[in-house]
Structure formats: structure tokens, C-alpha cells
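> Shown below is the structure under consideration.
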Amino acid sequence: MTTEKTLSLRDRQVDQATSRLSLAYLFVAFSAFGIAALAGMLQAMVRGGLITLPGGINYYQILTAHGVLLGLVFTTFFIIGFLFSGMARTTGGSLPVAARSLGWSGWSLMVAGTLMGTVTILQNDASVLYTFYAPMKASPLFYIGMALVVVGSWVAGWGIFAAYRRWRRDHQGSTSPLFAFMAVATMLLWQIATLGVAIEVLFQLIPWSLGWVPEVNVLLSRTLFWYFGHPLVYFWLMPAYISWYINIPKIIGGRIFSDSLARLSFVLLILFSIPVGFHHQLMEPGISAGWKLVHVILTLTVVIPSLMTAFSLFAVFETTGRAKGGRGLFGWFGKLPWKDVRFFAPMVGMLMFIPAGTGGIINASNQLNAVVHNTIWVTGHFHLTVGTSVALTFFGIAYWLIPALTGRRLTSTVNRLGILQTVFWTVGMLLMSGAMHYLGLQGAPRRTDYTTYFDHSTALGWMPYQQLMGIGGLFLFLASVLLIGILIYLGFFAPKGFTEYPIGENGDTAEVTPRILERWPLWIGLSAFLIAVAYGYPIYELIQHAPPGSPPIRTW
Amino acid sequence: MHLHRYEKMWLMFGGGALLLFVIILTVNAYAMGNMPPSHMQMIEPSKVDETPPFDKPGLRQIGENEYELVMTSFVFGYAPANVEIPAGATVHFIVTSKDVVHGFQIPGTNVNTMVLPGHISRVTQTFAEPGEYLILCNEYCGAGHHVMATKLIVADEGKE
Amino acid sequence: MVVQPGIPQPDRQHPQTERKDSSLKGTFAAVLLLGAFIVVCWFAVFSLFVSRG
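Chains as they are written, first to last, in the working numbering: chain E, 222 to 777; chain R, 8 to 167; chain Z, 6 to 58.
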């Protein structure tokens, strides 16, 4: 294949200008990932009692870095970069100029915010963890940095919306590409969800940290945070679902199971993943048991779209595997392309979502939360959800997305290394997260430096499992180093050539996608209604019947 | 919208299981009194030491082998520390914070509640087994978070 | 539950021409296993909660 042909093929997927934008997001994402992975390994080793931190570094400082850089920076940058590339890929190969400018403005704001946040964390002026619970007070620059990241992500989201609007204007009466629909749904969820944390940071924490107001309403700030905190995890999950619904069928040589059901599951995620935040506050005073139960029921409702997704995905695997000659009840399973890292990494992620999702159902089960709340079980849980299901899917995407955007080839050697990387990551997570789940059920707390609680027998009994966590952390760090190495190679050194940007076709062509699924005002309205029902009265009460507020305190 | 026959059955099974969970939780919470800790009483956080019952923290017997234990939490400890109760005692913990957000958890039991400045947490537990129970803070509260703990000593019945 | 006697499954021999309804028994079995896993784990933690009450 000549260079000219390669270039034109590549441009037919995603044009140069969009590729640059998308790569800029991915670059920040994986830079943050690398630093955070180092911090994570150190934490696991410290908690395992295997090392102590040199130079008086505070454990909670690197814990804050780990949480902020992975939970907010890595995920948000990766997601926006991925969505921009897929928008271009499925709407004609390019983005409108307005969308790209919004994309770059968002990127600049987010980078500025990330730098501000990182500097304050490095100075030990913001060791408040990524949940930054008041009345522990970080440097005002930390909150301003976080606000910039959120506002930047809004601007980038408007870029996604602009690209979607142009496509609909140019194709009136047609159903939008599934990727475009799902990208809009994801960014829409994000805009609604981040309102909570934006109000908390802009109207409560920034004025209070600057000393303009003396006190903060602690429970209100926590409630606003968790209004955002739960849809945040769906914001991580939805792009993984996009890849599972759209990229994976093409990679394995199959077709999308049902376009309509995929869209329906995303609409349900928008509706039911937001009015559920009290399930993070089940053990909290000041919120009545009745309202907690309302949120618990809505939380269990949001399981349904995931049950639908499980069925759709297995259906794609079975139909494809059978077409390749798989027989019997499960013969199709072996026919899947296990030696292709583009499938293998996300597939391990999907399988790990089974225990991950199960843990989530248990966490949200009202009084059962007493067994696991703020124990290290919760840490184990989200290292399976975001740390394994989402992360492995993002790695699997990066293995083809980066060469597709840079006009390089995913070579067979990289493919093999990618599979090795996936295995290391999975083994590390199984060790670490398995130990965390077990320890959590015994009552070991999360977010806690190495401690024997003055040699209390209960805590001493936890130590062998904490060591296991440390060993898991080592495996994860090895996998991270391998990943970064592979991605640098794919971005800058791999042979020039063509890598496919896989987009599946709808298998159920007999069915017309119902128009109502694309009536966004209806879904926004319903979402607002559910939020008003679940949060309206409780938040009114939190403001009307608040105890005296709390002054800022620095406790580290 | 076309739903495969098996998918309908699957969603009925899944939805049914979720409904069963909700019913069990609701019955267990409301009929059997196992609601999550959701006490609504408030307090001025800067005046904890002057406000009853926290002006006199400690153990108070309120029935036959039934006690109220009033405790304050602060960076980085609980008061009073190392309280002793007889085996089989039912304890109503009443806790608040004098500064930041803390946790209050006893591993091996269902005692697990957040302690927020401005709010009073209440949680009840019966301690059938004698032993030294660990009370620990499970919400990050600062540099000494990992040493914020005390003991609850459940004494053997025999020695009384 | 996996094979439904009495319900015709017309296209089982011809997967390429099938309407999807005919060949998803493996999918159904897989999701039922998944569902069973969720239920078993949930009741395990529920019994832990009750035993600690």
C-alpha cells in the first residue's frame, strides 16, 4: 500500500484536524494515568506494610493525587478524546470547525485546571482526597482548578453537541449514527450531573476557602457532591458501553444486536443514574430513612439497562460465534477472537463487570451498606468497575485508536504485548481487589494509611491480606509501565500504515429505530422531573433546617 | 421495539430479583427495625462540650443490660476511650463530631455510621460475645486518621 | 428452561438466514448464570448483615 493511499484511507476514517484534537486529549489522559499509577503502587505497598514513604511524603497526599488524576483527569480526558474521534468517524470523517474550536477551548481550560490542582496537591496544600469533604479545607486554588476541569469538560461537550447538530441538520429525517447518539447521551448526562459539584464548588467551597463566608453547610456540600458522584461512575461506564455496543461487534466480525435497544439503555441511564446519590450517604445522619429508600429503589432501577446490555452483548457473541461454527450451548464462546487484544482487553473488562456490578447492587442495598460502608470493600468494588471494566476497555480502545489517529499500524508484536499487559492488569486486580473485598467484609477501613491500631488483634489479622494487596499493586504497576511503553510506541514509533477504526453495523435491519428515542427535550424533562422528585424536598430541608455551619480546618 | 423472547424472560427474572431485594430490605428495615442510621437531631458543632448530652459523655444504664454511650469524636480520637460493658449488653451509641467529618465503625458488627459536625448519629448494637472490640474512624479526617481508634471492652459475664 | 419444547425454532439449521430469536439459548443460559451469581452474592451479604445484628 503506498503512503498516499494509506493517508487517504486514514483521512476517510478521522481527518487530521480531529485526530490532533483527539490525540491531545489522550496525551493528557495517559500522562495523568502514568503518575497516578505510580502513586497507586506506592499506596498499595505502604498499606501492605511492605515499604514506607521516603522524605516524609504524606500517604494521603499521594492518595489524593491517585484519586484526582485517575477519577477525574484520566477518565474525563480519555472519554472526551474518544468521543470526538468517534463523532468524526461516524459523521463523515471530520468535525465542524465550531466543534473543534470548542474542543480545543475545553482542552485548554481542563489542562489549566489540572495543573492548578496538581500543583496544590504536590505542595501538600490539598490532601483532601478527590471527594474533598468539607470542613477540611484545601487551598482555594485546588477548588478553582477542579472547577476549571469541569467547566472545560462542559465546553468540550458543547463541541460534541455542535457536531451532532450539524449532522442532523444535513440529514433531516434520518436516524443519527449510533455512536453520535451515545456520545451526545454521555455528554448530556455529564452536563446534568456536574451541576451538583459545580454548585458545591462555586457557591460553597470557593467563597468559604477564600474566607468570604465563615462557615459551610457540611451535609449540603456532601449531598451536592454525591448528586454528581454517582452519575460520575456512569460517565466512566457509558463510553465503555459505547465501545462494547459499537466497536466490539465489528472487531469480532459480527453485527450490532439491536440499535434501538442500545439507544433505549442509554436513555434509561440518563434518567436513572442521577436521582440516586443518597445511596452513597446511607450511613449518614440528617437524611431521613424514607428518602434514602427512595434513592435505593431508583438505584436498583438503573441496574435494568445494564441487564439489557449484558443480554445484547452475549447475543452478539453467540450469533457471531455460531456463524463461525461454534456448536452446543457454549461452543460459540471459544470461537471469539481471544488472541486479538482489541477484543481480549475489553472482553476481560466485560466479564469483570459481573462481580463489579454485583458488588454495586450490594452497596446500594440500604441497610446492607452497614456491612461495607467506607470499608476497603468499596475500594475493591470500584477497582473492579472503573479500575478493571472501564480501564481495560479504554486500554483496548487505545491500542487501535492511537495508531488509527497517527496513521500507524498495530503490529502483531504490540498485539501480543497488549495481551500480556491485559493479563498482568487482570491478575493484579484480582489479587488486590479480591483481598480488598474480603478485608472489607471483616471491617477494614478504606482510605487509611498503614496501621495496626496499637496492635489490636482484629487489625493484626488483616495484615496477610494487606500484603496481598501490595503484591497486586506491583502487578498493576508493571502492567501500567508496559501500557505506557506500548502507547508511546504506537503514537510515535510504530510503522506507518492503516489501522481500522472499527464501527459495527446494525444487525437488526428489519427494525426501524423509534423516533422518540432522539427527542432529547423529552428525556431532559423527564430527568429533571426525577431529580426534582428525588432531591427537591430533601435539599430544601437541608437548607431550611441546617445546623450551624462549620469553619474551615486543615487537619494534615 | 422488538424484544427477543429470551430477553423478555431475562428482564423479568432480573427485574423480579431486584424487586425481591427491595421487598426484603423494606421489611427488614421497617418491620424489624433495621433502618440505616438516619438520626435527624442537630447540634452546634463549636459548642459540643457545653451541649447535653455531650457535656457529660460516657456510659449510662437505661434498662436491664441496656446502655446509652455518649461519645464525642475529634481529630484524632474518641471520648471516652476504652469503655467497658457486660456481655449481652445492648448499647445505644450517641456520637457527634467536634471538628471535621469522621466515621464510627466496629468491625465484626453492623455498627457503621458517619459522624458529621452539626449532626448527632445514633446506632444500636447488642454485644453477645465478650471481647475487645475495635472502634475505628473509617472516614479520612487528616494526617492522624489511621490512629483514630479506641476499644469497647465487653467483659465476660462470669466475673460479675 | 434452556430448550423450549413445543415452541418451534424454525431456523436453527440456517444461522445465516435466521431471525435472531432462534439461536440465543447460549445467551439465555449465560445471563441466567449471571443472574444467579448476583442473587447468591446478595443473599450471602444479607445473611452476614443479619448474623451481625
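No residue lacks a Cβ here, since even glycine has one placed at the ideal position from N, Cα and C.
1) Within a Cβ cutoff of 6 Å, which residues of the same chain sit near Leu316/E, ignoring the five residues on either side of it in sequence?
2) Between the beta-carbon of Pro666/E and the beta-carbon of Thr596/E, is there less than 8 Å?
3) Anyone know if the C-beta pair for Ile50/R and Ile101/R falls short of 8 Å?
4) So, using beta-carbon positions, are Gly617/E and Val537/E closer together than 8 Å?
5) Val115/R CB to nearest chain Z CB: under 8 Å?
6) Under 8 Å between C-beta atoms, does Val50/Z make it to chain R?
7) What is the residue span of the alpha helix (DSSP H) that Lys54/R lies within?
8) Rounded to a whole number of angstroms, what is the C-alpha to C-alpha distance between Gly693/E and Gly655/E?
9) Going by DSSP in three states, Ser104/R sits in which element: helix, strand or coil?
10) So Arg563/E is in the beta strand (DSSP E); what residue range does that whole segment cover?
11) Of all Cβ atoms in chain R, is any one closer than 8 Å to the Cβ of Leu514/E?
12) Establish whether the CB of Leu32/R and some CB of chain B are separated by less than 8 Å.
13) Are Pro506/E and Leu159/R closer than 8 Å when you measure CB to CB?
14) On the CB-based measure, 16 or more other CB atoms within 10 Å of its CB, does Ile301/E come out buried or exposed?
15) With C-beta atoms as the reference, is His594/E less than 8 Å away from Met504/E?
16) Can you tell which of Asn119/R, Glu136/R, Ile92/R and His11/R has its C-alpha closest to the C-alpha of Phe54/Z?
17) Is Val36/Z close to chain R? Criterion is C-beta to C-beta, closer than 8 Å.
18) Taking 8 Å as the cut-off, does the region 249 to 259 of chain E touch the region 286 to 300 of chain E (at least 3 CB pairs, one atom from each stretch)?
19) Drop a sphere of 10 angstroms on the beta-carbon of Asn89/R, count the other beta-carbons inside from all chains shown, and report buried for 16 or more, exposed for fewer.
20) List the residues of chain E that Ser28/Z touches, going by C-beta distances under 8 Å, in chain order.
21) Consult DSSP for Leu423/E and reduce its assignment to one of helix, strand or coil.
22) Can you look up Thr79/R in the DSSP assignment and give me helix, strand or coil?
23) Pick out whichever of Ala265/E, Arg386/E and Thr679/E has its Cα sitting closest to the Cα of Ala318/E.
24) Ordered along the chain, which non-local residues of its own chain (more than five positions away) have a Cβ less than 7 Å from that of Val44/Z?
25) Under 8 Å between C-beta atoms, does His11/R make it to chain Z?
26) For the region 34 to 67 of chain R, which residues have a CB atom closer than 9 Å to at least one CB atom of chain E, in sequence order?
27) Which class does Leu594/E belong to by DSSP, given the choice of helix, strand or coil?
28) Residue range of the beta strand (DSSP E) that Glu762/E falls in?
29) Quick check: is the beta carbon of Leu489/E nearer than 8 Å to any beta carbon in chain Z?
30) Just confirm the distance between the C-beta atoms of Ser771/E and Val422/E, as a whole number of angstroms; I'd bet it's less than 8 Å.
31) Please report the residue range of the alpha helix (DSSP H) in which Val121/R lies.
32) Three-state secondary structure (DSSP) at Ala258/E?
33) Determine the direct distance from the alpha carbon of Ile381/E to that of His19/Z, and round the result to whole angstroms.
34) Can you tell me whether Phe719/E is helix, strand or coil according to DSSP?
35) Note down, in chain order, all residues in the region 588 to 604 of chain E with a beta-carbon under 8 Å from any beta-carbon belonging to chain Z.
36) DSSP on Asp26/Z, reduced to helix/strand/coil?
Well, looking at it:
1) Thr239, Ala309 and Ala384
2) yes
3) no
4) no
5) Looking at the sequence provided, one finds Gly at residue 115/R rather than Val. Judged by the 8 Å Cβ criterion, Gly115/R is in contact with chain Z.
6) no
7) It is not in any alpha helix (DSSP H) - Lys54/R carries neither H nor E in the DSSP assignment.
8) Within the model, the alpha-carbon separation for Gly693/E versus Gly655/E is close to 9 Å.
9) Three-state result, Ser104/R: strand.
10) Taken as a continuous stretch (DSSP letters only), Arg563/E belongs to no beta strand (DSSP E), being part of the alpha helix (DSSP H) at Val562 to Asn584.
11) yes
12) The structure shown contains no chain B; the protein chains it does contain are E, R and Z.
13) no
14) Buried: at least 16 other Cβ atoms inside 10 Å.
15) Contact flag set, yes.
16) Asn119/R
17) yes
18) yes
19) exposed
20) Glu539, Thr540 and Arg543
21) helix
22) strand
23) Going by the sequence as given, residue 318/E is Val instead of Ala. Distance from the Cα of Val318/E is smallest, within the candidate group Ala265/E, Arg386/E and Thr679/E, for Arg386/E.
24) none
25) yes
26) Asn35, Ala36, Tyr37, Asn41, Met42, Pro43, Pro44, Ser45, His46, Met47, Gln48, Met49, Ile50, Glu51, Pro52, Ser53 and Lys54
27) Reading off the sequence, residue 594/E comes out as His, not Leu. Coil.
28) Segment Trp741 to Gln765 is the alpha helix (DSSP H) holding Glu762/E; no beta strand (DSSP E) there.
29) no
30) At roughly 17 Å, the Cβ-Cβ gap does not stay under 8 Å, so Ser771/E and Val422/E are not in contact.
31) In the sequence on display, residue 121/R carries Met and not Val. That residue, Met121/R, is in no alpha helix (DSSP H); its beta strand (DSSP E) goes Asn119 to Val122.
32) helix
33) Low confidence applies to His19/Z: its pLDDT is 42, below 50, so where it sits in the model is not reliable, and the reading given next is rough at best. Cα to Cα, His19/Z sits roughly 42 Å from Ile381/E.
34) coil
35) Gln588, Leu589, Ala591, Val592 and Val593
36) In this predicted model, Asp26/Z has a pLDDT of only 47, less than 50, meaning its place in the structure is not dependable; the value taken from the coordinates is given anyway. Here Asp26/Z sits in helix by DSSP.
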